[in-house]
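See structure below.
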Amino acid sequence: MKSTTDTSPPALDARQALSRPYPARGAVEVLSDRVCHLLSHAGYTVGDRFLTDDELVELTGLSRSTVRRALAALRQRGWLQSRAGMGTYVGRIDGERPRSSHVKTPVGRQAIRMGVLAFNGKMPDHDWYTPQVMRGVSEASADHNVRVEMLTGLTGPLSESVVKLESVAPDVVISLSADPNDGPLLRLASEGGMRCLLAGTTFPELDLPRVCEDNRGGMDMVVRKLAERGHERIGLIMRRWVGSWLFKRHEQWHNTLRRLGLAHDEQLMHWLPMQDAELVAPQAFTDVADWFERARPTAIICGHYAPALHLGHLIREGRLRVPEQASVAVIDLHPEVPRMLGMPPASAALPLREIGRKVVELASAWCDGQAPASLTRLPLTWIEGPTLADHKPEGR
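Everything in the sequence shown is counted per the numbering used here, starting at 6 for the first residue and increasing by one.
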């Protein structure tokens, strides 16, 4: 019988269970099965320290890569947990999925604990994304037996944040964050066996399952809606942000115009400054007015919400009449856009609530053993508005 103060593994049992010969093929699966049997029958308790990679390599005679693949599979299934800088610990000792023991549900199934990293957490006054996604999460939570917990206090050193996240131990982590510091945190959490699911287009460098809007499909839809109304010179305004979504929208604008046989030169594209101070400087508004006079688009797409500020300024100054001089459509229906333009625009709205509902659905299925696809795209929704009019070319 192990002492209650002894956190070391039972070495003799481990040697008996793990040192037998392994097949040339399928060694990862065999090792995983033997470790599960060991954890269930060798007197371990949840929280005990488990063997290191080096100890397992020595015991099994397998390669380090084989051992690590087996351990990664066991972490994914909840049998083991990694703690940054501390080692590997026992996550469970039976065949049941680990869950918080105090969470009860009417149907007798323990609730899935879903931790959420919020988008733009350092500037909550400007965060319009999270509330809409979380509305979808709330709508789907009861149906899928999910309890949502907002993850906070993870802004310290990375090693401390990993330990805090592991101490909370959610069944699934959903990231809505755009904070660059959260990228390494998610990577380490995933490598430690925690289920991590991305909501949105942030952190494209992370090889994690993702639910996001279909940016190419959304831009294609907007261009075609304008073309159906007779517009042949369709301009695009975007801010010089860094993001895969921006690249996809810009590229699809160009590609759809080309496929429809419409003007697709870069003269119809206007880039706004990246820096906040430059974005609201008088020169930025002057540059948009000069671009409109020079390029003469009959329709303008705001590739996201920021350009609506500049077009609204031209409208109020009487230098742009919408939709008489130019129709306007906006991708990303930020709640402030109608105020910026002085009217509700035609728009392609992001599927934010749908993203929230989908991540709950995928998180529930993942905890039941069905891993999500690497990428799930959801379509944008077209909304008509008074900023749109048919265009009749002169002489026709």
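For every residue, glycine included, the Cβ atom is placed at its ideal position computed from N, Cα and C. The structure displayed is predicted, hence computed values, not measured ones.
Going by DSSP, which residues form a beta bridge with I360? Within the sequence shown, the letter at position 355 stands for residue 360. I360 pairs with nothing; no bridge assigned.
Looking only at its own chain, which residues have a Cβ that is under 8 angstroms from the Cβ of I117, when we skip the five neighbours before and after it? As a working note, residue 117 is residue 112 in the sequence shown. Answer for I117: R104, H149, N150, V151, R152, D176, V177, A368, S369 and C372, listed in chain order.
Kindly list the residues whose CB is nearer than 6 angstroms to the CB of R221, restricted to its own chain and excluding five residues on each side of it in sequence; keep chain order. For this step, residue 221 is matched to residue 216 along the sequence shown. Answer for R221: K253 and Q257, listed in chain order.
Taking the C-alpha atoms as reference points, what is the distance between A204 and R382? Along the sequence shown, read from residue 1 onward, the residue named residue 204 stands at position 199. Along the sequence shown, read from residue 1 onward, the residue named residue 382 stands at position 377. Cα to Cα, the separation comes out at about 10 angstroms.
Could you spell out the range, first to last residue, of the alpha helix (DSSP H) harbouring G223? Residue numbering aside, residue 223 sits at position 218 when the sequence shown is read from its first letter. From DSSP, the alpha helix (DSSP H) with G223 extends over N220 to E233.
Grab the span of the alpha helix (DSSP H) containing E154 for me, first residue to last. Looking up residue 154 in the sequence shown gives position 149. Not the alpha helix (DSSP H): E154 falls in the beta strand (DSSP E), residues V151 to M155.
Residues of its chain near I320, where Cβ-Cβ distance is below 7 angstroms and the 5 sequence neighbours each way are ignored: Against the sequence shown, residue 320 aligns to sequence position 315. Cβ within range, chain order: V327, L346 and G347.
For R244, the three-state DSSP class (helix, strand or coil): Position 239 of the sequence shown, counted from the first residue, corresponds to residue 244. Here R244 sits in strand by DSSP.
Inter-residue spacing [alpha-carbon to alpha-carbon] between A394 and G308: As a working note, residue 394 is residue 389 in the sequence shown. As a working note, residue 308 is residue 303 in the sequence shown. Looking at the two C-alpha atoms, the distance is approximately 19 angstroms.
C-beta atoms of R362 and E144 nearer than 7 angstroms: As a first step, residue 362 is located in the sequence shown; it is residue number 357 there, counting from the start. As a first step, residue 144 is located in the sequence shown; it is residue number 139 there, counting from the start. Yes, these two residues count as a Cβ contact at 7 angstroms.
Can you give me the Cβ contacts of T261 inside the same chain, cut-off strictly under 6 angstroms, excluding the 5 residues immediately before and after it? Counted from its first residue, the sequence shown places residue 261 at position 256. Excluding positions up to five away in sequence, the list reads D225 and V228.
Delimiting residues of the alpha helix (DSSP H) encompassing R74: Locating residue 74 in the sequence shown gives position 69, counting from the first residue. Where R74 is concerned, the enclosing alpha helix (DSSP H) stretches over R69 to Q81.
How would you call S164, buried or exposed, if buried means at least 16 neighbouring beta carbons within 10 angstroms? As a position in the sequence shown, residue 164 is number 159, starting the count at 1. Its Cβ having fewer than 16 others within 10 Å, S164 is exposed.
Best match in E34, L231, W387 and V364 for proximity to G141 [C-alpha to C-alpha]: In the sequence shown, residue 141 corresponds to position 136, counting from 1. It is V364 whose Cα lies nearest to the Cα of G141.
Spatial neighbours of L202 within its chain, please: C-beta separation below 8 angstroms, excluding the five flanking residues on both sides. Sequence index remark: in the sequence shown, residue 202 carries index 197 (1-based). Contacts found: V177, V178, I179, S180, L213, P214, R215, V216, V364, L367, A368, W371 and P377.
Whole-angstrom C-beta distance between P349 and A334, which should lie under 8 angstroms: Numbered from 1 along the sequence shown, position 329 holds the residue referred to as residue 334. Numbered from 1 along the sequence shown, position 344 holds the residue referred to as residue 349. The pair is not a contact, with the Cβ atoms about 12 angstroms apart (cut-off 8 angstroms).
In angstroms with no decimal places, state the Cα-to-Cα distance between D184 and P28. Taking the sequence shown and counting its residues from 1, the one referred to as residue 184 is at position 179. Taking the sequence shown and counting its residues from 1, the one referred to as residue 28 is at position 23. Taking the straight line joining both Cα atoms gives about 45 angstroms.
Going by C-alpha distance, which of S70, L241 and R264 is nearest L277? Position 272 of the sequence shown, counting from 1, holds the residue named residue 277. Comparing Cα positions, the closest option is L241.
Which of the three DSSP states, helix, strand or coil, is assigned to M139? Start at 1 with the first residue of the sequence shown, and residue 139 comes out as number 134. Of the three classes helix, strand and coil, the one that applies to M139 here is helix, per DSSP.
State yes or no: is the C-beta of L85 within less than 7 angstroms of the C-beta of L23? What you label residue 85 is simply residue 80 of the sequence shown in a count that begins at 1. What you label residue 23 is simply residue 18 of the sequence shown in a count that begins at 1. Contact: no.
Look at the Cβ atom of A311, then the Cβ atom of R244, and state whether they are nearer than 7 angstroms. Counting from 1 along the sequence shown, the entry for residue 311 is found at position 306. Counting from 1 along the sequence shown, the entry for residue 244 is found at position 239. Yes, the pair counts as a contact, with Cβ atoms nearer than the cut-off.
Measuring only the C-alpha atoms, how far is L338 from A353? The residue given as residue 338 occupies position 333 in the sequence shown. The residue given as residue 353 occupies position 348 in the sequence shown. Taking the straight line joining both Cα atoms gives about 7 angstroms.
Residue burial classification, S1 (beta-carbon count within 10 angstroms, cutoff 16): The structure shown does not extend to residue 1, since the chain spans only 6 to 401, so no value can be given for it.
Can you grab the Cα-Cα spacing for the pair V173 / L251, in whole Å? Your numbering for residue 173 matches position 168 in the sequence shown. Your numbering for residue 251 matches position 246 in the sequence shown. Whole-angstrom Cα-Cα distance: 34 angstroms.
What's the call for V285, buried or exposed, on a 16-neighbour Cβ count within 10 Å? Walking along the sequence shown from the start, residue 285 turns up at place 280. By the 10 Å Cβ count, V285 comes out exposed.
Ignoring anything shorter than 4 residues, give me the alpha helix (DSSP H) runs that lie fully in the stretch 266-310, in order along the chain. 281-284 and 287-300
Among W246, Q375, T386 and K397, whose alpha-carbon lies nearest the alpha-carbon of E283? The residue you call residue 283 lines up with position 278 of the sequence shown. Checked all of W246, Q375, T386 and K397; the closest Cα to E283 is W246.
Quick one: using the 10 Å Cβ neighbour count with 16 as the cut-off for buried, is R20 buried or exposed? Position 15 of the sequence shown, counted from the first residue, corresponds to residue 20. That one is exposed.
For T392, does the three-state DSSP call read helix, strand or coil? To locate residue 392, count along the sequence shown from 1; it is residue 387. T392: coil per DSSP, three-state reduction.
Distance, M279 Cα to E322 Cα: Position 317 of the sequence shown, counted from the start, is the residue given in the question as residue 322. Position 274 of the sequence shown, counted from the start, is the residue given in the question as residue 279. C-alpha separation (whole angstroms): 24 angstroms.
Alpha carbon of E389 to alpha carbon of L355, nearest angstrom: The residue labelled residue 389 in the question sits at position 384 within the sequence shown. The residue labelled residue 355 in the question sits at position 350 within the sequence shown. Straight-line Cα distance between these residues: approximately 14 angstroms.
DSSP beta-bridge partners for M119? Stepping through the sequence shown from its first residue, residue 119 is reached at position 114. In DSSP, M119 forms a bridge with V153 and V177.
How far does the alpha helix (DSSP H) with S24 in it extend, from its first residue to its last? Here residue 24 refers to the residue found at position 19 when the sequence shown is read from its first residue. Taken as a continuous stretch (DSSP letters only), S24 belongs to no alpha helix (DSSP H), as it is neither H nor E.
Do you know how far the Cα of F297 is from the Cα of A289? Taking the sequence shown and counting its residues from 1, the one referred to as residue 289 is at position 284. Taking the sequence shown and counting its residues from 1, the one referred to as residue 297 is at position 292. Computed Cα separation, rounded: 13 angstroms.
Exposed unless 16 or more other CB atoms sit within 10 angstroms - verdict on H318: Stepping through the sequence shown from its first residue, residue 318 is reached at position 313. Classification for H318: buried.
L159 versus V167 - alpha carbon distance: Counting from one through the sequence shown, the residue named residue 159 turns up at place 154. Counting from one through the sequence shown, the residue named residue 167 turns up at place 162. Approximately 8 angstroms, taken between the alpha carbons.
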